[in-house]
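Trainee: Okay, here's the structure, questions in a sec.
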Amino acid sequence: MEKGVDRGQGRSYRGVLARVGPGRDTWRWLGQQLFNRENPAMYFDPLLESINPLWAQRYIPARVEAIESETHDSKTLTLRPARRWGGFRAGQHLNLEVEKDGRWYSRPFSLSCSPSHWEQDGTITVTIKKVADGEITPWLLEHFEPGDVIGISRAYGEDHTPEPGHPMLFVTGGSGITPVLSQLEAMADRHLRNPVTLLYFVRTDADIIGGRKLEALAERLPNLELRIVAAEQDPQNPDHLGPHHLQAVEGLTERDCFLCGPPGLMKHAQNLLADAGVPDEQISSTLFAVGPGVVVTEDAGGTVHFSRSDITVESAGDRRLLEEAEAAGLNPRYGCRMGICHQCACRKKSGIVVNQQTGQPSGHGEETVQLCISVPQGAVELEL
Ligand code: FES
1 MEKGVDRGQG
11 RSYRGVLARV
21 GPGRDTWRWL
31 GQQLFNRENP
41 AMYFDPLLES
51 INPLWAQRYI
61 PARVEAIESE
71 THDSKTLTLR
81 PARRWGGFRA
91 GQHLNLEVEK
101 DGRWYSRPFS
111 LSCSPSHWEQ
121 DGTITVTIKK
131 VADGEITPWL
141 LEHFEPGDVI
151 GISRAYGEDH
161 TPEPGHPMLF
171 VTGGSGITPV
181 LSQLEAMADR
191 HLRNPVTLLY
201 FVRTDADIIG
211 GRKLEALAER
221 LPNLELRIVA
231 AEQDPQNPDH
241 LGPHHLQAVE
251 GLTERDCFLC
261 GPPGLMKHAQ
271 NLLADAGVPD
281 EQISSTLFAV
291 GPGVVVTEDA
301 GGTVHFSRSD
311 ITVESAGDRR
321 LLEEAEAAGL
331 NPRYGCRMGI
341 CHQCACRKKS
351 GIVVNQQTGQ
361 PSGHGEETVQ
371 LCISVPQGAV
381 ELEL
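In the UniProt record's numbering, the protein residues as written are 1 to 384.
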């Protein structure tokens with residue numbers, strides 16, 4: 001499944017004005033609408049976009065500069081975001097925001113270049129792998145051409161900028177290589193000389209993403225040991241990652257380890273590293289690829305009152321509060337939709353919500369909650 005969800009129907013500024021008619025009431029009504037919005041400027045998007053697509057406010061516009069094929073099912077887009085975008089750190093992610101058939105969709109991807117690209121020439125790269133039965137990634141890969149404008153979110157996620165001196169091990173598989181490309185390139189740009197081993201698992205040689213960049217990085221990072229394992233072509237390795245791969249890594253227990261890839265590979269790598277004696281605090285992973293666990297919540301559901309908008313909905317407990325708010329026509333801020341970036345943080349005035357990643361219920365009183373991972377348990381009032 002692709003990550004992210006439908007953002008709902010876009011609204012037309014011209015259409016709204018036509019419906020309410022001209023006059024003082026119109027302007028009063030419009031003023032109220034704008035006042036209630038987190039980003040009032042986005043109300044004028046259709047108008048702004050018709051003048052210049054880079055002026056849109058609903059998202060940060062980025063012009064597609066180039067598209068490069070990586071494999072039969074993945075491509076790298078070079079994008080030039082509007083200057084207000086704000087930059088990123090190695091290993092972070094962003095959402096692509098696209099309108100398809102009149103509906104807005106948001107999908108998270110990792111940045112696959114070092115931050116110096118943005119700092120020096122104002123471009124970034126995002127590598128997209130097609131999700132075979134996905135609704136958006138196949139369309140994304142076919143739909144855009146150089147010169148088109150696409151929407152992006154601000155960058156989010158942990159800063160994984162490599163530190164000088166630490167020996168490192170990256171274990172990655174499939175499209176999990178993309179944030180690693182960013183980190184390795186950041187190391188090369190900073191002329192770091194850390195011993196680094198990259199274990200990169202792919203199905204076949206034809207599935208290697210970032211092959212050209214990895215070759216170039218091997219030239220720039222003299223202490224990079226690159227081991228690409230094409231599991232289907234290796235009769236000794238039908239199970240992908242095995243203890244022998246880790247045993248071959250010199251000074252394994254001293255290394256900082258970073259994992260990114262399919263959940264099965266990451267869990268397996270974590271267990272093998274623990275068995276090999278690598279301390280927990282030396283192992284990090286990007287949650288982006290792990291995906292949030294979902295704890296089934298008993299007694300979920302209840303009345304949700306969005307106090308600023310004065311909207312009340314009945315939640316059956318099968319949708320998270322972010323989705324409830326969107327279904328009610330609200331436009332709350334969000335980034336990853338996976339509990340990582342905290343952009344969806346919202347003040348709860350009263351009631352209990354349950355964090356679906358941990359199963360932990362909140363307190364009864366006023367506190368900040370993450371809409372994208374919380375469901376109500378009884379009546380809840382949110383300042384939205
Ligand atoms: S949207 Fe990122 S934590 Fe909720």
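Each residue gets a CB set at the ideal place from its N, CA and C atoms; glycine is no exception. Since the model is a prediction, treat every value here as computed from it, not as a measurement.
Using DSSP bridges, identify the partner residues of residue 397.
Mentor: Examination of residue 397 is not possible in this model, given that the chain is present from 1 through 384 alone.
Trainee: Taking the C-alpha atoms as reference points, what is the distance between E38 and V229?
Mentor: The pLDDT assigned to E38 is 44, lower than 50, so where the model puts this residue is not dependable, and the model offers no usable value.
Trainee: Going by DSSP in three states, R80 sits in which element: helix, strand or coil?
Mentor: Three-state DSSP puts R80 in a strand.
Trainee: One question on the structure: do V313 and A300 come within less than 7 angstroms of each other, judged by their Cβ atoms?
Mentor: no
Trainee: Going by the C-beta, is H240 closer than 6 angstroms to any heavy atom of ligand 1?
Mentor: no
Trainee: Below 7 angstroms CB to CB, which residues in the same chain sit around W139 once its five sequence neighbours on both sides are set aside?
Mentor: K100
Trainee: Comparing alpha-carbon positions, which option in I60, L382, S110, H166 lies nearest G86?
Mentor: Just measuring C-alpha positions, the residue of I60, L382, S110, H166 sitting nearest G86 is I60.
Trainee: Only counting the same chain, and skipping five residues up and downstream in sequence, which positions put a Cβ closer than 6 angstroms to that of E366?
Mentor: K349
Trainee: Using the beta-carbon of each residue, find all residues closer than 7 angstroms to any heavy atom of ligand 1 and list them in chain order.
Mentor: Contact residues of ligand 1 (beta-carbon closer than 7 angstroms to any heavy atom; chain order) are Y156, L322, Y334, G335, C336, R337, M338, G339, I340, C341, H342, Q343, C344, Q370, L371, C372, I373.
Trainee: What does the alpha-carbon distance come out to for the pair H342 and A188?
Mentor: 30 angstroms
Trainee: Check E68 in the structure and name its three-state DSSP category.
Mentor: strand
Trainee: Could you spell out the range, first to last residue, of the alpha helix (DSSP H) harbouring V180?
Mentor: 177–189
Trainee: Contact between the stretch 131–150 and the stretch 113–123 is defined here as three or more beta-carbon pairs at a separation below 8 angstroms; is this criterion met?
Mentor: They do not touch, by the three-pair rule.
Trainee: Given P116, which residues of its chain have a CB within under 7 angstroms of its CB, disregarding the five upstream and five downstream residues?
Mentor: Looking at the sequence provided, one finds Ser at residue 116 rather than Pro. Once the five neighbours on either side are set aside, the close Cβ partners of S116 are D189.
Trainee: To the nearest angstrom, how far is the alpha carbon of T358 from that of V304?
Mentor: 21 angstroms
Trainee: Are the Cβ atoms of I150 and L141 separated by less than 7 angstroms?
Mentor: No, these two residues do not count as a Cβ contact at 7 angstroms.
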